[in-house]
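Residue numbers (UniProt numbering): 1 to 359.
Idealized CB from N, CA, C, for every residue including glycine.
Only one structure is covered here, and it is reproduced in the block below.
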C-alpha cells in the first residue's frame, strides 16, 4: 500500500513540475503558413532564397499575421545585432516610463548625469530624456562604439541647443542605457530577459552578459555571451550595451511591436509608447522618405504616412515591421567572421520580398 502511495505521489509531483514548467514563460512556437495563404508567391520566395545564398547572408525570416511564410538559413544562431540594440532599449524605456521609474521630461542635470572631461556644459545639461530618445540631445561628447563616419558628422560641442538638431548619436543611446539602469537598479540584460524574452517565450536569449575593455590591446574577439558592455573609458564613462540574438527571437520582438505591445492578452509595452516611438521626429533623408522616431528608424509613404519602422545593424542586419502588410522581416549576416555581403544587397533583398507579393 505504501509503495502504491509513493508511486502516486511521484507522478503527482511530476505532473506539477511539468505544469509549472510550462507556464507563461514557455518557449513560443511560431505558427507557419503557406506563402500563398498570405498573399506571397512561393516561386518568387525561392528566388529570394537563391539571392540570400549568393549574397552571403546568414539567415532570414518573414512573418505575416504572426505566421512564418519564409525561413532561410540557421534562424537559431545568435549574431551580434550591432545598432539594432537601440530598438531593444525602446521597449525597456517604455516599460520604465509606464511604471513611473523614468520621466522623459527630466533633464540630465536633474538625473545627475555627467561625463569625463571635457565635462558636460550647463547648456548640454538641459537636455531631456525625450531629447536623447530622439537623438536630438545637443550633447556632442565622445562615446563608446562610435564609428569614424559618426565622428566625421558630429557637430561641435554646444553648437545646437537640446532638442533642435538631429544627429545619430551613440552618446545619447549609451547614456539612455545608463539612465535606465540608474532608475531601475537592474542591468539592461536582466530587464530584457525578465520583461521581454521570458514573456515572449524567446528560446535563444538567456540574458548572460559580461564586460569588455574596448580599448585594451588584449581585446581580440567579441565575447560569445548574449550581451556585453563595451567600455572605452578614455572617451566616456558610459558603455555601449551590445546584444547577441537569433533571427527567431528578433522576429518575436518585431511581432510584439506589430501587436502594439500586446502578447497573449497581456499589454507588455504601452500602445501609446509604441505610437509615440514610431512617429517621425527628424526626417534625415527626404528622397528616400526616411526619418528617426524614438530609437526606431521610420519609412514614410510619399504622403508622409507610416510605411514601416525598422532598425539596421552596420547597414546589413535588419529588423523591420510593416503594419499595413502585417509583416515582420528579419535579415542577418554573420558579421563576426569574414563576410562578403555588399551593403547594397539589402535593398535588392527588400525588392525581392515585395516582388514576391501576389498582385
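query: The beta strand (DSSP E) spanning residue 68 covers which residue range?; result: 67 to 73
query: Does DSSP put residue 82 in a helix, in a strand, or in coil?; result: helix
query: If you compare alpha carbons, which of 119, 344, 323, 90 is closest to residue 63?; result: 323
query: Using a Cβ-Cβ cutoff of less than 6 Å, which residues in the same chain neighbour residue 205 once the five nearest sequence positions on both sides are dropped?; result: 197, 226, 245, 249
query: According to DSSP, what are the bridge partners of residue 318?; result: 312, 331
query: What does a CB cutoff of less than 6 Å around residue 115 pick up in its chain, not counting 5 residues either side in sequence?; result: 141, 236, 237
query: Nearest-angstrom Cα distance between residue 134 and residue 295?; result: 7 Å
query: Identify, in the order they occur along the chain, each residue of the same chain with its Cβ nearer than 6 Å to the Cβ of residue 240, setting aside the five sequence neighbours on each side.; result: 144, 145, 174, 230
query: Do residue 81 and residue 93 have their CB atoms nearer than 8 Å?; result: no
query: Taking the alpha carbon of residue 109 as the point to measure from, which residue in 342, 100, 126 has its own alpha carbon closest?; result: 126
query: Please classify residue 348 as buried or exposed, where buried requires at least 16 neighbouring CB atoms within 10 angstroms.; result: exposed
query: Can you confirm whether the region 147 to 157 touches the region 296 to 306 when touching is taken to mean that 3 or more C-beta pairs between the two stretches lie within less than 8 Å?; result: no
query: Going by DSSP, name the residue or residues bridged to residue 366.; result: This structure leaves residue 366 out entirely; the chain is present only between 1 and 359.
query: When the distance is taken between beta carbons, is residue 332 closer than 8 Å to residue 60?; result: yes
query: If you drop the 5 nearest sequence neighbours on each side, which residues of the same chain put their C-beta closer than 6 Å to that of residue 189?; result: 207, 209, 227
query: Under the three-state reduction of DSSP, which class applies to residue 344: helix, strand or coil?; result: coil
query: Roughly how many angstroms lie between the CA atoms of residue 346 and residue 316, to the nearest whole one?; result: 6 Å
query: Which runs of the beta strand (DSSP E) at least 3 residues long sit entirely within the region 109 to 161? Give them in chain order.; result: none
query: Could you tell me the alpha carbon to alpha carbon distance between residue 47 and residue 119, rounded to whole angstroms?; result: 54 Å
query: On the three-state DSSP scale, how would you describe residue 368?; result: Because residue 368 is not part of the residues shown, which for the chain are 1 to 359, the question remains open.
query: Quick check: residue 202 and residue 252, are their CB atoms within less than 8 Å of each other?; result: yes
query: Mind checking whether residue 291 and residue 180 have CB atoms under 8 Å apart?; result: no
query: Measure the Cβ-Cβ separation of residue 273 and residue 98 and say whether it is below 8 Å.; result: yes
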